[in-house]
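Below is one structure, written out as structure tokens, with a few remarks after it.
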Amino acid sequence: GGSKPLDTYELTAPGEGDGRIRGHRQILIAEPSALKALDSQNIVIKTGTRSIQYLKGAQWADRLPLIVQARLAETFQRSGSFAGVGKPGEGLAIDYQVIAEVRSFDVRVGQGGDRATVELFVRLLNDRNGEVRAQRSFSAAAPVSGSGNAAYVAALDAAFGQASRDIVRWTESAI
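Each residue of the sequence shown is one higher than the one before, counting from 5 in our numbering.
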């Protein structure tokens, strides 16, 4: 007997840029903050304005903020626009911190078709003087194509990919 193991999913980092370093700046990707409903391995399904559930039989490979942090760092690395990209504890002499808050990371079901929605609020913090250089909210959505857990996660991955590409382009222009 025993229960069936959960399907475990990961996000991907979009492959942008040619990998050649074009800048001298070094940035740190901090672990994003999130409300408890999003700060777990559960995949959120929004069934109404104030109602959430978790995707049955499925989970993230780690806590969602850690996955977002790792894939954002990878997206920045692939861009080739920064001399160094790292996470806390990796020993970089950083110029800026990318501080994100996960505001939405869910699949909305019902009204007019299922769609994945991702919203990340991002601040660029000058690490030399502690000043916020810029801040902005990034939102992306993707329709769910097909059915089942894999289709929901694929839509979330597509929405996250768009948001993370937008964050990298914005950061390149802001600093």
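We treat Cβ as the ideally placed atom computed from N, Cα and C, and that holds for glycine.
- By a beta-carbon distance limit of 8 Å, E14 does not contact S85. Their separation comes to about 24 Å.
- Residue environment: I56 is assigned as exposed (fewer than 16 neighbouring CB atoms within 10 Å of its CB, all protein chains considered).
- Between the alpha carbons of A120 and R132 lies a gap of roughly 37 Å.
- Residue nearest to R169 within the set P147, A17 and A159 is A17 (criterion: CA-CA distance).
- In the three-state reduction of the DSSP assignment, F164 falls in the helix class.
- In this structure, Q30 sits away from L129, with a CB-CB distance that is not shorter than 8 Å.
- Here the stretch 34-45 lies against the stretch 60-68, with 3 or more beta-carbon pairs under 8 Å apart.
- Rounded to the nearest angstrom, the Cβ distance from A162 to V106 is 17 Å, too far for a contact under 8 Å.
- Judged by beta-carbon spacing, I103 lies beyond the 8 Å limit of R82, meaning their Cβ atoms are not closer than that value.
- The alpha carbon of V89 has as its nearest neighbour, out of L32, L10, V148 and D11, the alpha carbon of L32.
- The beta-carbon distance between S141 and F125, rounded to whole angstroms, is 5 Å. This is short enough to meet the 8 Å contact definition.
- Contact check for A178 against A138 passes: the beta carbons are separated by less than 8 Å.
- Of the candidates Q63, P36, A154 and G93, the residue whose Cα lies closest to the Cα of P9 is Q63.
- Annotation: the stretch 81-118 contains the following complete segments of the beta strand (DSSP E) (minimum length 3 residues), in chain order: 88-90 and 100-112.
- By the neighbour-count criterion, in which a residue is buried when 16 or more other Cβ atoms sit within 10 angstroms of its Cβ, S151 is exposed.
- When beta bridges are read from the DSSP output, P147 appears opposite R119.
- For L59 and H28, the gap between their C-alpha atoms comes out near 42 Å.
- DSSP places Q57 in the uninterrupted beta strand (DSSP E) bounded by I56 to Y58.
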